[in-house]
Amino acid sequence: MKIDSILFTPVKIGKLEVPNRFVRSATHDFMANRDGSVSDRQVALFETLARGGVGLIITGHAYVNTSGIASPYQTGADKDELIDGLSRITKVVHKNPSCIFLQLSHAGRQTTPKICGCTPFAPSAVYEPTFKVMPKEMSQKNIRDLIHDFSQAGRRAKQAGFDGVQLHVAHGYLLSSFISPYTNRRSDEWGGSLSNRLRIVGEIIEGTKGSTGKDFPLIVKLNSEDFLSEGLGIDESIEIAKILEKKGVDGIEVSGGMAEAGKGSVWKGLREEDKEGYFVDNASKIKQAVTIPVFGLGGIRTFSVMEKIIEEGKADLVSMSRAFIRDPFLVKKFRDGEIQKSECISCNRCFNLRGISCADLKK
Ligand SMILES: Cc1cc2nc3c(=O)[nH]c(=O)nc-3n(C[C@H](O)[C@H](O)[C@H](O)COP(=O)(O)O)c2cc1C
Ligand code: SF4
C-alpha cells in the first residue's frame, strides 16, 4: 500500500522541483580516490541513494582548494580534471527522479598540516585545540583567491551536471569560522560587525552565481549556534539567514556545533521522539524570518516526527545522514507503507576512514 503524506509532495528550491521532502544531508563518505577524484564506490553509493527515493541528495563536503582538505579520501572540486568523475555521479542519480547538489567546502583550521599540506587557514590566528593547530590569518589575497576557488568549484558542479550547490557555512569549517565572532577577530572589512563577518559568504554567493548563472540553485548549510560562549548564537544566525535570502540564496539547511565546543553536529545516542530534530527548533526560528525553503535536521528517525516537522511549518524539508547510512532505501520503504522508525541507533561508528558503513548492522 502506497502511503499518502505531505512528505511525498514536491517542493521548489529556486526553480528546481525536488520530488519529495527527504534530503540526504551532506555526508563525507571517505570513499574518493586519494587524488580527490570520484571512485566507483562513490558512484555506486549515490546510485543506491537515488534508487532508494531520496528527493535531494547532498554530497559530502568537497574541497575547493587543497589547502582546505579535511580528511583523506575526500572528494575534490578544485580542478577541471575532476569534472568527468563528478559527472559519473550525476548521471547515475539522474536515472531516477532524485536531485543532487555538490557541497562546497574549505576545512579552514579544522584540519592539520599533514592532511592539507600547508599551515591551515583561518580568518584569525585563533588556536584550534582539537586539531592542535595554530592557523595562519588569511591575507587579503588569500581571501580573494578563496572567493575565486568557490566560484570556480560552483562552475565545475554545474558542468558536471549537479542540480545545485550547497555552501558549507557550518561546523567550524572556514566559512563558519568567518561568521563566528569567536574565531573571526579581524578588524578589517572581513571581521567585526555581523555584515563584515558575512562579507566573504556574500562575495562567494555573488561569484558562484556569476559563474553558474543566477538560476542555478545555491543553498547554504548554516551554523545556527557554535555552542561556545563567545561564538555565534541563534539571534545572529536569524539575521544572517535574512541577509542570505536577500543575496539570492535558494534555501537554508540549519545545523550547528563546532569541534572545539565539545558539541559538534552529529550527536550520539538515541533520543525520545519529542527530542528528535535537535536543530529543528532553530530551523523553525529561521523559517519564521525567511520565505525560502528551510531544511530541518538532527537525529530525525521517526516518520510521524518528519511529517509533523513539515505539517507544523517548522521546516520545508527533512534532512538525515545516518538514517541513510543505515538504510539507503528508507524513503522507498516509507512510500511502500513500511513506516517503522529508522533502525539507526546514533552510535556514530559509521565514521570510517575506509568508507562509511553501518557498523551496527554488521555486528
Ligand atoms: C559520516 C558522516 C559524515 C558527515 N559529513 C558531513 C559533511 O561532509 N558535510 C556536512 O555538512 N555535514 C556532514 N555530516 C553531518 C550530517 O550532514 C548531519 O548534519 C548530522 O549527521 C545530523 O544528522 P543525522 O542525525 O541525521 O545524522 C556528516 C555526518 C556523518 C554521520
Ligand atoms: S553505525 Fe549504523 S547505527 Fe551507528 S550511527 Fe552509523 S548508521 Fe547509525
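Note that the sequence shown covers residues 930 to 1292 in the working numbering. By construction, the Cβ of each residue, glycine as well, lies at the ideal position given by its N, Cα and C atoms.
When rounded, the separation of the alpha-carbon atoms in F1079 and M930 is 45 Å. When H1077, I1129 and P1110 are compared, the shortest CA-CA separation from E1118 is found for I1129. Assignment of beta-bridge partners to G1225 by DSSP yields V1247.
With fewer than three CB-CB distances shorter than 8 Å, the region 1201-1209 does not count as touching the region 1075-1089. Per DSSP, reduced to three states, the secondary structure at F1208 is coil, with no helix or strand assignment. Taking C-beta atoms under 8 Å as the contact rule, M1187 and G1101 qualify, at a distance of about 4 Å.
By alpha-carbon distance to V1098, the top candidate from D1092, L1127, Q1217 and V952 is L1127.
At least one heavy atom of ligand 2 falls within 7 Å of the beta-carbon of L1290. Contact between I1215 and F1030 does not hold, since their C-beta atoms are separated by about 19 Å, which reaches or exceeds 8 Å.
With the rule of 3 Cβ pairs closer than 8 Å, the region 941-961 counts as touching the region 999-1009. For S1275, the shortest C-beta to heavy atom distance toward ligand 2 is below 7 Å. Of the other Cβ atoms in all chains shown, 16 or more fall within 10 Å of the Cβ of Q1039; this residue is therefore buried. Here DSSP, grouped into helix, strand and coil, assigns Q1081 to helix. Taken through DSSP and simplified to helix, strand or coil, M1187 comes out as strand.
Per DSSP, the continuous beta strand (DSSP E) segment holding A991 begins and ends at L985 to Y992. Only buried fits Y992, as 16 or more other CB atoms lie within 10 angstroms of its CB. Around the C-beta of N1113, 16 or more other C-beta atoms lie within 10 Å, and the residue is accordingly described as buried. Using a 10 angstroms sphere on the CB of M1249, the tally of other CB atoms reaches 16 or more, which defines it as buried.
For G1093, the enclosing beta strand (DSSP E) covers residues G1093 to V1098. In this structure, I942 has its beta carbon at no less than 7 Å from each heavy atom of ligand 2. Excluding the 5 residues flanking it on each side, T988 has same chain C-beta neighbours closer than 6 Å at L1031 and Q1032, in chain order. For L974, the three-state secondary structure derived from DSSP is helix. Using a Cβ distance threshold of 8 Å, F1253 and L1015 do not count as a contacting pair. Around the CB of P1146, 16 or more other CB atoms lie within 10 Å, so the residue is classed as buried.
Taking a C-beta distance under 8 Å as the contact criterion, V1260 and G982 qualify as a contact pair. Beta-bridge partners of F1030 (DSSP): I987 and G1093. The beta carbon of I932 sits closer than 8 Å to those of F1263, R1264, D1265, G1266 and I1268, all from its chain and outside the five residues before and after it, given in chain order. In this structure, DSSP gives L1123 a helical state, which the three-state scheme calls helix. At a cut-off of 7 Å, the beta-carbon of C1028 does not count as near ligand 2: no heavy atom of the ligand is closer than that.
Exclusion of the five residues before and after G1046 leaves T995, S996 and I998 as the residues of its chain whose Cβ lies within less than 8 Å of its Cβ. Per the Cβ contact rule, the region 934-953 is not in contact with the region 1004-1024 (fewer than 3 Cβ pairs under 8 Å). The beta-carbon distance between P948 and G984, rounded to whole angstroms, is 5 Å. This is short enough to meet the 8 Å contact definition.
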